[in-house]
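> Pasting a structure here, questions to come.
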Amino acid sequence: MSVLAESRQQSRILFVKNLSYQVTGADLYELFGRYGSIRQVRTGDGPKTKGTAYVVFEEIGDAKKALDHLNGFHLQERYIVVLYHMPARGAATAKADLAAREAQLAELKRKHDIADAEK
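Reading the sequence shown from the start, the letters are residues 120 to 238 in our numbering.
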């Protein structure tokens, strides 16, 4: 992987999953704080987010050290998974992707002489 591609994938925000439901924010501050200054820890508390957390470091380098050392770490009877947080793509990008897919579909329908179903 090129240095430029790697730097684009790195973030100072880590996403942590496969956490025990008993893990607290304080537990994560203690564990991840060994690798640098932490700005924030947010643990999931909803049905779809329980067992996950975001850990925000002050510096990207500290986040990288934590990821390198803690991915697969055994914490409270679970092996945690640590990943870089990847922000969701913006709505404008999603709309552009949808428009492109709709154009491709229309072209395929035209090419294969397929009419839209009557409503």
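Cβ atoms here follow ideal geometry from the backbone N, Cα and C, with glycine treated the same way. Bear in mind the structure is a predicted one, so any value in this text is a computation, not a measurement.
Measure the Cβ-Cβ separation of V135 and R158 and say whether it is below 8 Å.
no
> How should L186 be labelled, buried or exposed, when 16 other C-beta atoms within 10 angstroms of its C-beta is the threshold for buried?
So L186 counts as buried.
> Just to confirm before moving on: does the CB-CB distance between E196 and S139 stay below 8 Å?
yes
> Cα-Cα, which of D181, L202, I132 is closest to N190?
L202
> Give me the Cβ distance between L194 and L133, rounded to the nearest whole Å; I'm assuming they're in contact under 8 Å.
Not really, about 14 Å apart at Cβ, beyond 8 Å.
> Apart from the five residues on each side of it in sequence, which residues of its chain come closer than 8 Å, Cβ to Cβ, to V200?
V135, K136, N137, N190, G191
> Based on DSSP bridge pairs, tell me the residues matched to Q159.
As DSSP reads the structure, Q159 sits in a beta bridge with V175.
> Please return the same chain residues whose Cβ sits closer than 7 Å to the Cβ of G170, not counting the five positions on each side in sequence.
Spatial neighbours of G170 in its own chain (CB-CB distance under 7 Å, excluding positions within 5 residues in sequence) are listed in chain order as K136, N137, L138, Y140, G163.
> Using only the alpha-carbon positions, how far apart do M205 and A145 sit?
Rounded to whole angstroms, M205 to A145 spans 24 Å at the Cα level.
> When you compare the CB positions of A182 and S130, do they come within less than 8 Å of one another, or not?
yes
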